[in-house]
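What follows is a set of notes on a single structure, which appears directly below.
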Amino acid sequence: MKNKILTVGSIAIDELHTPKGSQKNILGGSATFFSIAASKYNPINLIGIVGNDFPKEGWDLFRRYNINTDLVSRKDGQTFNWGGRYSDDYSIRETIYTNLGVFDNYSPTLPESLDTDYLYLGNIQPSLQLDVIKQVKNKKRVVSDTMNLWINLDKKGLWNVIKKSNIFLLNDEEAMELTDETDLEKIAEILLSSGPEIVIIKKGSKGAFLATNNTKINVPVYDKINLFDPTGAGDSFAGGLVGYFSKNGENNLREAMIHATVTASYTVSDFGVKGLISSSQKSFEDRCEYLRSKI
-7 MKNKILTVGS IAIDELHTPK GSQKNILGGS ATFFSIAASK YNPINLIGIV GNDFPKEGWD
53 LFRRYNINTD LVSRKDGQTF NWGGRYSDDY SIRETIYTNL GVFDNYSPTL PESLDTDYLY
113 LGNIQPSLQL DVIKQVKNKK RVVSDTMNLW INLDKKGLWN VIKKSNIFLL NDEEAMELTD
173 ETDLEKIAEI LLSSGPEIVI IKKGSKGAFL ATNNTKINVP VYDKINLFDP TGAGDSFAGG
233 LVGYFSKNGE NNLREAMIHA TVTASYTVSD FGVKGLISSS QKSFEDRCEY LRSKI
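Written as structure tokens, this is what we have:
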């Protein structure tokens, strides 16, 4: 049976310090946020690795959200864990520590029979992204994300990922660093000429910008929330986007961006994935309608 959405990324245990408080042992990681967000549209097949310290609550959550973990490896050792601290106005995020644990040198061997409509590559190292692209031969669309670290450490590998992607996401700072440009429309043109059909530049509190060769769409953030913890917002945005596409197709890009933005609005309103898993369908639709009125 064909998978609608297949994803690879980090599954982590986080420690967070924000102006609103601190928490330890929070479920996190790019694949975690993406999978929970996208699972509201279609079942997810998750590729990743965890250590023997990964909590039962994590497995229970994946099961509850119809996230298949058959391709998640279990290995003796420590699950990837990260600690971060946000400044008083959330403008600066400081990494306190990063322990890769079992994620260090992770290289999955995937079944040849794997097929999917959407393959989403979280913001992991480009070499791993390329390896998964190569192994998953039966895929309709490749969607990828990245982060500053890989722009600094493996820009050549990242450009190879971009060339093989149908849809590429990154934030505005990363976009400027990657292309040595400051104008987002020019940046989008550079990226579109490199392979992707859709480029999305996330602008934090200023919203998000989508570009194709024929279309440009700006969507503001949902501003009627109390910012709590921005961790995972970009991954949740991607989950909402890919989830929408997997269910409804790619004809209404504006509506897909609205769904992605609203999805991320729940993530930033609480620690970890708490905001995502507490959202109701009624609340979601209300937020979408509010954003539609703003565009």
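Under the working numbering, the first residue of the sequence shown carries the number -7, and numbering increases by one thereafter.
Even glycine gets a Cβ: it sits at the ideal position worked out from N, Cα and C.
Keep in mind that this is a model prediction, so the values were computed, not measured.
Setting aside the 5 residues that flank it on each side, T10 is surrounded in the same chain by Y78, F220, D221, each with a C-beta closer than 7 Å to its C-beta; the list follows chain order. Taking a cut-off of 8 Å for Cβ pairs, the stretch 231 to 240 and the stretch 14 to 28 touch, as three or more such pairs fall below it. Here DSSP, grouped into helix, strand and coil, assigns K16 to strand. Taking Y258 as the centre and dropping the five residues before and after it, the same chain places the C-beta of G267, L268, S271 closer than 7 Å to its C-beta, in chain order. Taking all protein chains shown into account, Q273 has fewer than 16 neighbouring C-beta atoms within 10 Å of its C-beta and is therefore exposed. In the DSSP assignment, K148 falls outside any beta strand (DSSP E) and within the unbroken alpha helix (DSSP H) covering 147 to 155. Apart from sequence neighbours up to five positions away, the residues of its chain that approach L161 with a beta-carbon distance below 6 Å are D137, I192, A230, ordered along the chain. Partner residues in a beta bridge of H251, as assigned by DSSP, do not exist. As for any alpha helix (DSSP H) of minimum length 4 sitting wholly inside the stretch 14 to 82, the runs are 22 to 30, 48 to 56, ordered along the chain. In the structure shown, L162 falls within a strand segment according to DSSP collapsed to helix, strand and coil. In this structure M249 is in contact with V211, their Cβ atoms being roughly 4 Å apart against a cut-off of 8 Å. Counting only runs of at least 3 residues, the stretch 159 to 243 fully encloses the following beta strand (DSSP E) elements, listed from N- to C-terminal order: 159 to 163, 190 to 194, 200 to 203, 208 to 211. The alpha carbon of L184 has as its nearest neighbour, out of K239, S22, T207, I41, the alpha carbon of T207.
In this structure the stretch 194 to 205 does not lie against the stretch 94 to 113, because fewer than three pairs of beta carbons, one per stretch, are closer than 8 Å. Beta-bridge pairing by DSSP links D96 to no other residue. CA-to-CA, the gap between E169 and P188 works out to about 18 Å. For a cut-off of 8 Å, the C-beta gap from L92 to I39 is around 17 Å, too long to register as a contact.
Distance check between F263 and each of V0, D68, G21 places G21 closest, using alpha-carbon atoms only. By the Cβ test, the stretch 104 to 111 is in contact with the stretch 123 to 141, since at least three Cβ pairs between them sit closer than 8 Å. Less than 8 Å separates the beta-carbon of A252 from that of Y236. Judged by their CB atoms, I190 and K156 are not nearer to each other than the 8 Å cut-off. In terms of Cα proximity to D227, the closest of D62, G75, G114 is G114. In this structure, DSSP gives I3 a state outside helix and strand, which the three-state scheme calls coil. Taken atom to atom, the span from the alpha-carbon of V260 to that of A203 is near 25 Å.
For the pair Q121 and V153, the Cα-to-Cα distance works out to about 7 Å.
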